[in-house]
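K.L.:
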Amino acid sequence: MASLITCPHCGVRPKEEFTIRGDASLMRPAPMASEEAWHDYVYVRANPRGRSFEHWQHAAGCRRFLVVERDTLTHEVHSVTDGAVLATRSGR
Amino acid sequence: MRYSAFSIFRNALSGNLTWKSQWRKPEPKPHYDVIIVGGGGHGLAAAYYLAKEFGIRNVAVLEKGYLGSGNVGRNTTIVRSNYMLAGNEPFYEFSMKLWEGLEQELNYNVMLSQRGVIMLYHSDGQRDAYIRRGNAMWMEGVAAELIERDALKKMIPFLNYDNARYPILGGLLQRRAGTARHDAVAWGYARGADRHGVDVIEHCEVTAIRRDGGRVTGVETTRGFIGCGKLALAAAGNSSQVGQMADLKLPLESYVLQAFVTEGLKPCIDHVIVYGGGHFYISQSDKGGLVFGGAIDGYSSYAQRGNLATAEHVMEEGVSMIPGLSRVRVLRSWAGIMDMSMDGSPIVDRTPIDNLYVNAGWCYGGFKATPASGYCFAHLIARNDAHPVARPFRLDRFARGYAIDEAGVGPQPNLH
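Chains V and W are the protein sequences, given in the same order.
Numbering of the first sequence is given in our numbering, commencing with residue 1 and proceeding in unit increments.
Numbering of the second sequence is given in our numbering, commencing with residue 93 and proceeding in unit increments.
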């Protein structure tokens with residue numbers, strides 16, 4: 001596991017400063033979406049073996065939610081982006 | 093060959109040169125009635141019970157590595173049935189009973205040692221919670237004992253009773269629980285299954301699942317196509333990958349769990365001791381090494397190796413419970429990939445595809461479940477109907493609102 005995460009706000013920091021929330025590729029359904037859509041959002045996971053996107057909160061730093069692009073097999077970190085910036089960019 | 097004291101004696105006289113290998117190395121046949129994907133403890137146990145109890149002998153177990161290379165050889169060997177929830181306890185007690193007869197059943201020494209598992213409590217609130225858990229166990233007919241501080245001090249004198257933050261006030265003891273030799277469990281089931289005609293095929297990785305009209309017809313493997321009547325998945329940490337081949341939507345995330353062993357010591361820890369101030373458990377192997385572990389590393393991973401920060405955290409917990417541990421040197425550590433489910437409980441169920449069955453989501457409690465998981469999975473495959481004690485472990489329980497959340501943390505797999 002790469003033990004250093006490059007926070008876009010705080011710079012290179014040890015990964016122990018972060019709290020891992022989980023899969024960031026999920027899209028929250030509309031409030032009145034079907035039960036199945038909500039079930040899939042809350043419970044079903046792609047669980048990729050390889051490149052994945054996760055929400056990591058920089059709890060001991062800027063407290064921002066970041067999206068960490070990481071390889072679950074090699075533990076290589078490819079990119080770290082602020083969650084809000086990524087959401088704006090992808091038009092969420 | 094049936095093992096006995098006489099066979100040991102006879103082979104000793106012939107220089108131990110005439111022992112036969114414990115299972116065959118068969119070439120895959122073109123078609124089997126049942127194919128089980130995953131030659132770990134659960135897959136092998138399922139194959140064994142399918143052949144022995146349910147009369148289905150045309151069975152293959154496909155393992156991508158060598159037998160015992162996955163989680164069955166990577167755990168801390170603890171077997172117990174001290175769960176609280178009604179969905180779990182009958183199943184794990186069924187498993188405990190199978191453990192108690194396993195050596196006779198398999199004619200194989202799995203070194204079951206019912207040395208007792210004691211879970212420590214450190215506050216009045218935690219004591220109440222353990223009394224509740226103990227009572228829940230008694231409700232299912234399983235003996236549990238609350239050991240108060242003074243009695244515990246006589247039983248286990250070397251604990252750090254007066255830790256300022258986590259004083260040890262007592263523990264909940266299940267005397268029938270203990271440890272088993274994990275490799276022997278895999279080998280014993282493999283040998284037993286083989287003797288009943290099951291083909292255990294090593295180094296055969298499933299690469300695709302072939303379907304025709306909504307039914308599985310077989311699997312593509314690294315050793316060619318193999319047809320099957322029914323397909324059963326017991327792929328542990330890689331369940332999502334295998335499931336994806338049949339478009340299964342699974343409520344799983346894979347995480348890495350580490351375990352450690354120290355240099356060999358004289359006998360000093362007589363029980364399995366579980367720390368209540370964090371997540372730490374320790375026992376002593378027959379070779380003398382202290383085997384211990386803690387919680388999973390917090391990030392999803394398929395790497396079968398852990399992070400030093402978690403190793404440090406686990407050892408800090410150990411030393412805060414047993415200060416003398418600081419003098420012991422760690423010999424080695426290893427890690428396995430846990431199929432963490434959304435409520436911390438397993439899935440043993442049919443799937444939307446008629447002849448496809450899934451056994452997954454054992455989190456880091458799979459080893460103790462091996463016999464019952466195998467038995468119930470075999471029951472499900474053979475009769476197309478869940479065994480009564482495995483009925484709560486349904487794939488659709490999240491949608492129906494019947495999650496079995498022992499830890500009470502919700503759909504957050506890295507917290508279970």
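Cβ coordinates follow ideal geometry from the N, Cα and C atoms, glycine included.
1. Is W56/V helix, strand or coil when you go by DSSP?
2. Counting only the same chain and skipping the five closest in sequence on each side, list residues whose C-beta sits under 6 Å from that of S79/V.
3. What does a CB cutoff of less than 7 Å around M247/W pick up in its chain, not counting 5 residues either side in sequence?
4. Are the C-beta atoms of V44/V and some chain W residue less than 8 Å apart?
5. Tell me, please, whether the CB atom of H75/V is closer than 8 Å to any CB atom in chain W?
6. By DSSP's criteria, D23/V is part of a beta bridge. Which residues make up the other side?
7. For the beta strand (DSSP E) containing R475/W, list its first residue and its last residue.
8. Can you list the residues of chain V that N506/W reaches, using a CB-CB cut of under 8 Å?
9. To the nearest angstrom, how far is it from the Cα of I148/W to the Cα of G466/W?
10. Which residues of the segment 36 to 62 of chain V have a Cβ closer than 9 Å to any Cβ of chain W? Give them in chain order.
11. Looking at the secondary structure, which residues open and close the alpha helix (DSSP H) in which P511/W lies?
12. Taking Cβ to Cβ, would you say F372/W is nearer than 8 Å to V406/W?
13. Which residues, in chain order, does the segment 412 to 436 of chain W contribute to contact with chain V at a C-beta distance below 8 Å?
14. Just to confirm the assignment, what range does the beta strand (DSSP E) spanning E409/W have?
15. Just the C-alpha distance for L244/W and G262/W, rounded to the nearest angstrom, thanks.
16. V422/W: which of D477/W, S392/W, T443/W, G356/W sits nearest, CA to CA?
17. Nearest-angstrom Cα distance between A139/W and L159/W?
18. So S346/W and M434/W are supposed to be a Cβ contact under 8 Å. How far apart are they, rounded?
19. Check the Cβ of K341/W against every Cβ in chain A and list those closer than 8 Å, keeping chain order.
20. Does any residue of chain V have a CB that is nearer than 8 Å to the CB of Q350/W?
21. Taking the straight line between their C-alpha atoms, what separation do you get for R518/W and Q333/W?
22. What number of angstroms, rounded off, separates the C-alpha of M93/W from the C-alpha of T168/W?
23. Please name the residue or residues paired with C10/V in a DSSP beta bridge.
24. Nearest-angstrom Cα distance between S392/W and V348/W?
25. Please report the residue range of the beta strand (DSSP E) in which W115/W lies.
26. Can you give the Cα-Cα distance for D82/V and R63/V, rounded to whole angstroms?
27. Any C-beta of chain V sitting closer than 8 Å to the C-beta of Y391/W?
28. What is the residue span of the beta strand (DSSP E) that G356/W lies within?
29. Give me the residue from L342/W, F317/W, W454/W, L194/W with the minimum Cα distance to T271/W.
30. Measure from the alpha carbon of N150/W to the alpha carbon of each residue in N199/W, I223/W, D275/W, A285/W, then state which is nearest.
31. Taking C-beta pairs closer than 8 Å, name the residues in chain V that E345/W reaches, listed in chain order.
32. Tell whether a beta-carbon distance below 8 Å holds between G381/W and A351/W.
33. From the DSSP secondary-structure annotation, give me the bridge partner or partners of L325/W.
P.N.:
Reading from the atomic positions:
1. strand
2. E69
3. I239
4. yes
5. yes
6. E54/V
7. Note, R475/W: premise wrong, no beta strand (DSSP E); alpha helix (DSSP H) at 458 to 475.
8. I20, G22
9. Counting only the Cα atoms, G466/W lies some 14 Å from I148/W.
10. Answer set for the segment 36 to 62 of chain V: E36, H39, D40, V42, Y43, V44, R45, A46, N47, P48, R49, G50, S52, E54, W56.
11. The first residue shown for chain W is 93 and the last is 508, placing residue 511/W beyond what the model contains.
12. yes
13. M434
14. Premise fails: E409/W lies in the alpha helix (DSSP H), 400 to 413, not in any beta strand (DSSP E).
15. Approximately 6 Å between the Cα atoms of the pair.
16. G356/W
17. Distance between the alpha carbons of A139/W and L159/W is about 14 Å.
18. No, S346/W and M434/W are not in contact; Cβ-Cβ is about 13 Å, not under 8 Å.
19. The question asks about chain A, but that chain is absent: this structure's protein chains are V and W.
20. no
21. As shown, chain W starts at 93 and ends at 508. That puts residue 518/W outside it, with no answer to give.
22. Taking the straight line joining both Cα atoms gives about 30 Å.
23. Secondary-structure assignment with DSSP links C10/V through no beta bridge to anything.
24. 7 Å
25. Segment: none, W115/W is in no beta strand (DSSP E) and carries neither H nor E.
26. 11 Å
27. yes
28. Looking at the DSSP string, the run of the beta strand (DSSP E) that includes G356/W is 344 to 356.
29. Of the candidates L342/W, F317/W, W454/W, L194/W, L194/W places its Cα closest to the Cα of T271/W.
30. For N150/W, the closest of N199/W, I223/W, D275/W, A285/W by C-alpha to C-alpha distance is A285/W.
31. G22, D23, R45, N47
32. no
33. V129/W, V450/W
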